[in-house]
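Take any residue in the sequence shown, note its place counting from 1, add 57, and you have its number in the working numbering.
Beta carbons: idealized from backbone N, C-alpha and C, even for Gly.
Here is the structure we will look at.
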Amino acid sequence: MKRMARSRRRKTPGMNLTSLMDVFTILVFFLLTNTSSNEALDPPKVITLPDSVVETKPRETVTLMVTADEILVEAKPVIATSEVASSGENVIAAIKEAMQAEMDKAIMVARSGDQAESADGAADSALPPEVNILADRTIPFSLLKKVMSSCTDAGYTKVSLAVIQKASQG
58 MKRMARSRRR KTPGMNLTSL MDVFTILVFF LLTNTSSNEA LDPPKVITLP
108 DSVVETKPRE TVTLMVTADE ILVEAKPVIA TSEVASSGEN VIAAIKEAMQ
158 AEMDKAIMVA RSGDQAESAD GAADSALPPE VNILADRTIP FSLLKKVMSS
208 CTDAGYTKVS LAVIQKASQG
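Take a look at the structure:
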């Protein structure tokens, strides 16, 4: 009888927290790794981007969207796509003016992205402004050429076309 009473006293019910801590550690690690990987541009539903096997992701810069109906700079309508397509000029004045209005943002983004390289900030004044162009895959290249010419004429020296990244081919 005494043995049975002793064995009951030893077994105190308790919760093993080791498994629970492992689950929480995995959960925290998962959340930390997935929140920092959301760097890619999210294209609007009206634009279907072409596919590419590019490895690097685009940086946050001034965004110019070319849809089937209109051209937007930072989500603000600038000009109709049909007007640009029918225009005989290589540089479209409305796009150039809208891009020049966004020049301050482009320079600030370029400086903030390059501050890790130069601690004193002296070399930051020579950074070129950048623009990312999101264009539907059905837009003809002649129209994109006019848009890119307008951007370079506005002072943007780095022009990037946004694409959907797919798995590399080997």
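Residues that residue i bridges to, as DSSP identifies them
i    : result
P134 : L129
M122 : L129 and L191
K215 : E187
When the options are compared against residue i, the one with the closest alpha-carbon
i    : options                   : result
L129 : M78, I190 and F81         : I190
M165 : V119, G212 and F86        : V119
A158 : T75, V85, G212 and S217   : G212
M156 : R60, D126 and A132        : A132
K102 : N91, A125 and S144        : A125
P149 : V135, I104, M160 and K162 : The sequence as given places Ile at residue 149; Pro does not occur at that position. The option with the nearest alpha carbon to I149 is V135.
S207 : K59, I104 and A151        : A151
S139 : L201, R60 and T75         : L201
T195 : L77, T75, T105 and M78    : T105
Beta-carbon proximity of residue i to residue j, cut-off 9 Å
i    : j    : result
A142 : S199 : yes
L121 : V220 : no
D193 : V80  : no
E146 : A137 : no
T42  : P186 : Because the chain spans 58 through 227 in this model, residue 42 falls outside it and cannot be assessed.
D210 : K153 : yes
**Q.** Length-filtered (4 minimum) alpha helix (DSSP H) runs lying within the region 138-165
**A.** 138-143 and 150-158, all fully within the region 138-165.
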